[in-house]
Amino acid sequence: MSVDVSEVELVQGCLAGKVACQRLFVERFEGMIFGLCLRMLSRRHDAEDVAQEVFLRAFRNLHRWDGERPLRPWLLTIAANRCRTHLEERGRRPMPADLQADWLPERTRTDSRDDAEEIQRALATLRPEYQQCFVLFYQQELSVEEVAEILDCPEGTVKTWLHRARKEMAEYLRKRGLDPRQELNHQSRDPKSDLN
Amino acid sequence: MTCFDFENRLQEFFDLRQQELPDELSTHIAHCPACREMQERFQQLQIAVEDWRMQSPVVELADAVLRRLRTERNLVTLAAQSTSDGLRSPSYRYSSLTGWMALIAAALALVIAIGIGWRVSSNVSFANRQASLQTQIANAAVNRLEPVSDPAPTGDRQLDVLLHDARDAYAALASQAWQQVSATNVLLPPSDTPNLFGGEGSTDGVSESLSRPLAPLGKELRDAVDSWLQLVFNSQDSST
Ligand SMILES: [Zn+2]
């Protein structure tokens, strides 16, 4: 089967029960779904469980998918809702330190892991709807309009949630002692060094 | 530009993913230390977020998802077979048999409850007759005897014990019957799948393909017994 098979063909194959299509479907979207789950849930094990659940639900509901619209936001809606439900079930208790950001790689010569870890910690302190909003906007790189569509709420609400999320996270970083001037100097010195 | 305006414009700058800080914002932070610090904090956050976003751990979910999908499909097939085969299916016969056993157990509970209820009312009549007789004796001897003790507490206590026993017996039997009714449906998964995107009907194919013929019957029977017992208890309470 061709890898660049269209979304409609892929869905038709899945609905016909073709295992190859189902496999391709998961492989095509697993990075996106898992990425979102991981950022929202922090723990790799939870993220894998919920991501699997998202695919199972997607397969059960594929007959409802509107072929005129792209699959990505449809899947992200399921994923965002599942993650939010999971977070609400988990409760708002703070996570033990040893369970935080277990998916991040070992510390490298740069301090990018520290930054990513701090962001993940800060994110975990937010309300589930702020987390959803933040992850969809920053990690999935969606526009405010797209986030609003996925979360089924007005754009103004998304802007408010994003603003509050940023504000709370910036405050968290301030309390954690991250110095903005140092960061900004570091960024202007070698903007790409963290990405290597 | 006020500091309030600055904050709003700054959020817009981030929402639109603009690269260069607009001149009016740069001008404001040039002479407003508070807003400059705020802008630096948000800028620092943006940088850290970029590091966070770039981390992309590898994952392979296909095998696990396909395995779960296969298991789910097998369950649906199995359930569909058992419903379509009807009485020919041994599992259905088993369900049917245990369902009848549950019904018999519930009926037994009803009979016992009626029996206990009858005994209670007989005892109440007996206690009332005793009380009445003792009251007559007491009235006749009122001038000669010490004041007699009120016989009612004996009757009340007896009634309490009997009612308590009746409730316990009913609860135990009803619970047993209910467990048997429920046990016939243990293989059915819960229908907890939310209805996504406003579509109609259940989104869970498994629960859609199955029915629970005994569960509603068990509930109706239980409700009927409950309401009947409530009537008995209420009438006993009001008669005392
Ligand atoms: Zn200002």
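Chains as they are written, first to last, in our numbering: chain E, 32 to 227; chain W, 84 to 323.
We put the beta carbon where it would ideally sit given N, CA and C, even for glycine.
In this text, all values refer to a predicted model and were calculated from it rather than measured experimentally.
| Asked | Found |
| --- | --- |
| Minimum Cβ-Cβ distance from His117 (chain E) to chain W less than 8 Å | no |
| Residues with C-beta closer than 6 Å to any heavy atom of ligand 1, in chain order | W:Cys86, W:Phe89, W:His111, W:Cys115, W:Ala117 and W:Cys118 |
| Rounded C-alpha distance that separates Ala179 (chain E) from Arg70 (chain E) | 19 Å |
| Pair within 8 Å by beta-carbon distance, Ala131 (chain W) and Leu204 (chain E) | yes |
| Where the alpha helix (DSSP H) containing Glu103 (chain W) begins and where it ends | Taken as a continuous stretch (DSSP letters only), Glu103 (chain W) belongs to no alpha helix (DSSP H), as it is neither H nor E. |
| Of the listed residues E:Ile150, E:Ser174, E:Val175 and E:Ala78, nearest to Glu61 (chain E) (C-alpha basis) | E:Ala78 |
| Residues near Ser321 (chain W) in its chain [Cβ-Cβ closer than 6 Å; skip 5 each side] | At Ser321 (chain W) the pLDDT is 48, less than 50, meaning the model places this residue with poor confidence and gives no usable figure here. |
| For Trp96 (chain E) and Arg103 (chain E), the rounded distance between their alpha carbons | 11 Å |
| Residue closest to Glu149 (chain E), alpha-carbon to alpha-carbon, out of W:Leu99, W:Val194 and W:Arg136 | W:Arg136 |
| Neighbour-count burial assignment, Ile187 (chain W), 16 or more Cβ in a 10 Å radius | exposed |
| Rounded separation between Phe96 (chain W) and Met200 (chain E) - CA only | 17 Å |
| Rounded straight-line distance, which links the Cα of Lys198 (chain E) to that of Gln127 (chain W) | 12 Å |
| Contact with chain W by Val57 (chain E), beta-carbon distance below 8 Å | yes |
| Proximity to Glu186 (chain E) [Cα-Cα], best of E:Leu72, E:Phe165 and E:Val175 | E:Val175 |
| Neighbour list for Gly66 (chain E) in chain W, Cβ cutoff strictly below 7 Å | Ser139 |
| For Leu173 (chain E), the three-state DSSP class (helix, strand or coil) | coil |
| Helix, strand or coil at Arg59 (chain E) according to DSSP, with G and I counted as helix | helix |
| Nearest neighbour of Leu87 (chain E), chosen from E:Ile64, E:Phe168, E:Pro101 and E:Arg152 [CA to CA] | E:Ile64 |
| Secondary structure of Asp287 (chain W), DSSP reduced to three states | Reliability of the predicted coordinates at Asp287 (chain W) is poor, the pLDDT of 35 falling under 50, and the value obtained from them is presented with this limitation in mind. Coil, per DSSP. |
| Secondary structure of Val141 (chain W), DSSP reduced to three states | coil |
| C-alpha distance - Leu158 (chain W) paired with Gly48 (chain E), whole-angstrom precision | 15 Å |
| With 16 other Cβ atoms within 10 Å as the buried cut-off, status of Val194 (chain W) | exposed |
| Close Cβ partners of Arg92 (chain W) (< 8 Å) along its chain, the five nearest in sequence each way excluded | Met84, Pro105, Glu107 and Leu108 |
| Nearest residue (CA-CA) to Thr188 (chain E), options W:Asp98, W:Pro140 and W:Cys86 | W:Asp98 |
| Of the listed residues E:Trp105, E:Gln53 and E:Ala111, nearest to Arg153 (chain W) (C-alpha basis) | E:Gln53 |
| Reduced DSSP secondary structure (H/G/I, E/B, other) of Val36 (chain E) | coil |
| Beta carbon proximity, Tyr161 (chain E) to chain W, threshold 8 Å | no |
| Distance, Glu172 (chain E) Cα to Val38 (chain E) Cα | The residue you asked about is not Val; residue 38 (chain E) is Glu in the sequence shown. So the two alpha carbons sit approximately 21 Å from each other. |
| Under 7 Å by beta carbon: chain W residues contacting Ala147 (chain E) | Asp134, Trp135 and Gln138 |
| Separation of Ala163 (chain W) from Ala145 (chain W), as counted between CA atoms | 27 Å |
| Local Cβ density within 10 Å of Ser139 (chain W), reported as buried at 16 or more and exposed below that | exposed |
| Residue range of the alpha helix (DSSP H) that includes Gly187 (chain E) | Glu186 to Lys206 |
| Residue-chain proximity (Glu155 (chain W), chain E), Cβ-Cβ < 8 Å | yes |
| Cβ-Cβ distance between Val85 (chain E) and Arg113 (chain E) below 8 Å | yes |
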